[in-house]
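J.: Here my numbering is used: the first residue of the sequence shown is 1, the next is one more, and so on.
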Amino acid sequence: MYMNSAEEIHKLMTEKLAGIISAADDQWLEDLIEEDPVVREKWEMLSGAPVPAPPAPWKEVIDFKPKKPLYKILLPYAIAAAVLGATAMAIWQVAPWKKSRPTAASAPVAINYAKHVTLQLADKSVILLDTADAVLIIQGQQISNKNNILYLNTLSRLPAGQNTLQVPAGKKYDVVLPDGSLVSLNAATTLSFPSKFEGRNREISVNGEAYLKIAPQARQPFLVHLPHTTVEVLGTSFNINSYDNSKIRVCLVDGKVKVKAGKKEVLVKPGQQAIFNEQTTSLRTQPFNATVELGWQKGLYSFSDTPLNEVCESIFRWYGVKAVLDNQDLNKRKFSALLEKSTPLSFLLEGVKATTGTDYYFSADSTLHFK
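#1: Considering only their Cβ atoms, is the gap separating valine 167 from alanine 134 smaller than 8 Å?
#2: What's the C-alpha gap between aspartate 365 and lysine 11?
#3: For valine 321, which of Leu119, Asp305, Ala261, Leu368 has the nearest alpha-carbon?
#4: When you compare only the Cα positions, how much space is there between threonine 291 and glycine 299?
#5: If phenylalanine 316 sits next to alanine 169, beta carbons under 8 Å apart, how far is it from one beta carbon to the other, in whole angstroms?
#6: Would DSSP call aspartate 305 helix, strand or coil?
#7: Got a sec, what are the start and stop residues for the beta strand (DSSP E) glutamine 273 sits in?
#8: Could you have a look at glutamate 313 and say whether DSSP puts it in helix, strand or coil?
#9: Give me the Cα-Cα distance between alanine 337 and phenylalanine 370, rounded to the nearest whole angstrom.
#10: Does the segment 352-359 touch the segment 224-239, meaning 3 or more C-beta pairs lie closer than 8 Å?
#11: Tell me the rounded alpha-carbon separation between valine 257 and asparagine 327.
#12: With a threshold of 16 other CB atoms inside 10 Å of the CB of lysine 353, please say whether the residue is buried or exposed.
#13: Just to confirm, are glutamine 217 and serine 192 a CB contact at a threshold of 8 Å?
#14: Count Cβ pairs between the segment 240-247 and the segment 278-289 that sit closer than 8 Å; are there 3 or more?
#15: Looking at valine 211: is its Cβ nearer than 8 Å to the Cβ of leucine 294?
#16: Which residues does DSSP list as the beta-bridge partners of lysine 264?
#17: Can you name the start and end residues of the beta strand (DSSP E) that alanine 323 belongs to?
#18: Give the list of continuous beta strand (DSSP E) stretches no shorter than 3 residues that lie fully inside the segment 280-305.
#19: My guess is that glutamine 220 and phenylalanine 238 are in contact by the Cβ rule of under 8 Å, so how many angstroms apart are they, rounded?
#20: Compare the beta carbon distance of leucine 252 and valine 268 with 8 Å and say whether it is the shorter of the two.
#21: Could you tell me the distance, in whole angstroms, from the CA atom of isoleucine 33 to the CA atom of threonine 14?
#22: Which residues does DSSP pair with glutamine 141 in a beta bridge?
#23: For histidine 369, which three-state DSSP category applies?
#24: Please classify lysine 16 as buried or exposed, where buried requires at least 16 other C-beta atoms within 10 Å of its C-beta.
#25: Considering only their Cβ atoms, is the gap separating serine 181 from isoleucine 214 smaller than 8 Å?
#26: When you compare only the Cα positions, how much space is there between proline 194 and tryptophan 28?
#27: Taking the alpha carbon of valine 206 as the point to measure from, which residue in Gly199, Val175, Ser304, Leu234 has its own alpha carbon closest?
#28: Looking at the secondary structure, which residues open and close the alpha helix (DSSP H) in which threonine 343 lies?
#29: Give every residue of the same chain whose Cβ lies closer than 7 Å to the Cβ of asparagine 331, excluding the five residues on either side of it in the sequence, and list them in chain order.
#30: Would DSSP call histidine 225 helix, strand or coil?
#31: Go ahead and label aspartate 130 buried or exposed: buried means 16 or more other beta carbons lie within 10 angstroms of its beta carbon, across all protein chains shown.
#32: For proline 287, which residues of its own chain have a beta-carbon under 7 Å away from its beta-carbon, when the five flanking residues on both sides are left out?
#33: Could you check what DSSP says for arginine 387 in three-state terms: helix, strand or coil?
#34: Just how far apart, CA to CA, sit threonine 285 and glutamate 265?
#35: Would you list the one or two residues that DSSP bridges to arginine 249?
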């Protein structure tokens, strides 16, 4: 029996980085990396192995001023190596590898839904969007599913009830809702929405991070439910971040929104963000930096005096690699950087090490540890 699991290959790559891979698995993986360009691309993204280190990898970014200098990893060679981009990553998830790893027993490989962008309809049926055809058939109707965008505004009907779209770590996906509103979902984000917007309001729920462009309908306000807060919209563009449910941010690009938390509410103006703190129950507004809050849509991710436990969370969202702190005192160390989404994990880890003095290693279960 031979394994065709992308998850298994990813695990072996992590073991290889950690130096705990067996000789047999290492030889099999080396052969696969050499023979298959998609696997080779994945390996280069994780390890940065073929990428020559730039002479000055950390460069100050002028237009952003955190409490400490912010640095940028320059990856001209890494970006050039990542020419397959999103298409290659999509193939990576589903390609039947030419060379397979021998296993001890013959058994079918179960689908790991946590690794895929999924749409669960109200009737509980599940569609793997990132491996599905460019044209889907739902309820006998054709809908477009191209370039990581699902168009639901062309449907006249869906199974009645709530639908849930889930985006896993390391991926992004866009959906055009039945009313024509666009929701761009970042990694590790869940969107729940009805089959049809009826009644006084259009209502959806988001957990994670998303950028929304709401179709104007003055007679039917748009409500976005987040953990502990609700955003009321009247035709606008804004970003929401609820990765940390205890500190929710709503950044308004244009239009008008009202953010509610319990009995408190604030009106947000363009260029401002509303911040809700669960611990203090405070709800306030302040200006936001577009590079920091909106950069993820262009493949840029920012850290600004970010505690290392939050860096660990970001590593999981971007690379699907679990990361932990061996000593919670390490959380006092802060990391600042502006990174390309294509940054190899090894470059990011070396950046953390260089700027915070925090070393790292991988344990036998492929968990990344900062020490």
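Cβ atoms here follow ideal geometry from the backbone N, Cα and C, with glycine treated the same way.
T.: Looking at the coordinates:
#1: As a working mapping, residue 134 is identified with position 134 in the sequence shown. As a working mapping, residue 167 is identified with position 167 in the sequence shown. Their beta carbons are not under 8 Å apart, which means alanine 134 does not touch valine 167 by this criterion.
#2: Position 365 of the sequence shown holds residue 365. Position 11 of the sequence shown holds residue 11. For aspartate 365 and lysine 11, the distance between alpha carbons rounds to 9 Å.
#3: Taking the sequence shown and counting its residues from 1, the one referred to as residue 321 is at position 321. If we check each option's Cα against that of valine 321, Leu368 comes out closest.
#4: As a position in the sequence shown, residue 291 is number 291, starting the count at 1. As a position in the sequence shown, residue 299 is number 299, starting the count at 1. Taking the straight line joining both Cα atoms gives about 11 Å.
#5: The residue labelled residue 316 in the question sits at position 316 within the sequence shown. The residue labelled residue 169 in the question sits at position 169 within the sequence shown. About 6 Å; that satisfies the 8 Å criterion.
#6: Locating residue 305 in the sequence shown gives position 305, where the first residue counts as 1. Aspartate 305: strand per DSSP, three-state reduction.
#7: Locating residue 273 in the sequence shown gives position 273, where the first residue counts as 1. Looking at the DSSP string, the run of the beta strand (DSSP E) that includes glutamine 273 is 272-277.
#8: Sequence index remark: in the sequence shown, residue 313 carries index 313 (1-based). It is helical.
#9: As a position in the sequence shown, residue 337 is number 337, starting the count at 1. As a position in the sequence shown, residue 370 is number 370, starting the count at 1. C-alpha separation (whole angstroms): 18 Å.
#10: no
#11: Here residue 257 refers to the residue found at position 257 when the sequence shown is read from its first residue. Here residue 327 refers to the residue found at position 327 when the sequence shown is read from its first residue. Roughly 41 Å separates the two Cα atoms.
#12: Locating residue 353 in the sequence shown gives position 353, counting from the first residue. Of the other Cβ atoms in all chains shown, fewer than 16 fall within 10 Å of the Cβ of lysine 353; this residue is therefore exposed.
#13: Taking the first residue of the sequence shown as 1, we reach residue 217 at position 217. Taking the first residue of the sequence shown as 1, we reach residue 192 at position 192. The answer is no: Cβ separation not under 8 Å.
#14: yes
#15: Against the sequence shown, residue 211 aligns to sequence position 211. Against the sequence shown, residue 294 aligns to sequence position 294. Residue identity differs from the one stated: residue 211 is tyrosine in this sequence, not valine. Contact: yes.
#16: Position 264 of the sequence shown, counted from the first residue, corresponds to residue 264. According to DSSP, lysine 264 bridges with Ala261.
#17: The residue given as residue 323 occupies position 323 in the sequence shown. Per DSSP, alanine 323 belongs to the beta strand (DSSP E) from 323-325.
#18: 282-287
#19: For this step, residue 220 is matched to residue 220 along the sequence shown. For this step, residue 238 is matched to residue 238 along the sequence shown. The Cβ separation is near 18 Å, so there is no contact.
#20: One-based indexing of the sequence shown puts residue 252 at position 252. One-based indexing of the sequence shown puts residue 268 at position 268. Against a cut-off of 8 Å, the Cβ pair of valine 268 and leucine 252 comes out as a contact.
#21: Along the sequence shown, one-based indexing puts residue 33 at 33. Along the sequence shown, one-based indexing puts residue 14 at 14. Roughly 14 Å between the two C-alpha positions.
#22: Position 141 of the sequence shown, counting from 1, holds the residue named residue 141. DSSP, once it has assigned bridges, lists Ile138 as partnering glutamine 141.
#23: Counted from its first residue, the sequence shown places residue 369 at position 369. Histidine 369 falls in the strand class under three-state DSSP.
#24: Position 16 of the sequence shown holds residue 16. Lysine 16 is buried by the Cβ-count criterion.
#25: Here residue 214 is taken as the residue at index 214 of the sequence shown, counted from 1. Here residue 181 is taken as the residue at index 181 of the sequence shown, counted from 1. Cβ distance < 8 Å, so isoleucine 214 and serine 181 count as in contact.
#26: Here residue 194 refers to the residue found at position 194 when the sequence shown is read from its first residue. Here residue 28 refers to the residue found at position 28 when the sequence shown is read from its first residue. Using only the alpha carbons, I get a separation of about 47 Å.
#27: By 1-based counting over the sequence shown, the position of residue 206 is 206. Selected option, being the one with the closest Cα: Val175.
#28: In the sequence shown, counting from the first residue as 1, residue 343 sits at position 343. Per DSSP, threonine 343 belongs to no alpha helix (DSSP H) and is neither H nor E.
#29: Position 331 of the sequence shown, counted from the first residue, corresponds to residue 331. For asparagine 331, where only same-chain residues beyond five positions count, the Cβ hits under 7 Å are Pro307, Leu308, Asn309, Leu325.
#30: If you number the sequence shown from 1, residue 225 lands on position 225. Residue state, collapsed to three classes: strand.
#31: The count along the sequence shown starts at 1 and reaches residue 130 at position 130. By the 10 Å Cβ count, aspartate 130 comes out buried.
#32: Position 287 of the sequence shown, counted from the start, is the residue given in the question as residue 287. Excluding sequence neighbours, proline 287 sits near Gly271, Gln272.
#33: What is shown of the chain runs 1 to 371, which leaves residue 387 out entirely.
#34: Taking the first residue of the sequence shown as 1, we reach residue 285 at position 285. Taking the first residue of the sequence shown as 1, we reach residue 265 at position 265. Cα-Cα distance, rounded: 11 Å.
#35: Here residue 249 corresponds to residue number 249 of the sequence shown, with the count starting at 1. DSSP output for arginine 249 lists Asn241, Ile275 as bridge partner(s).
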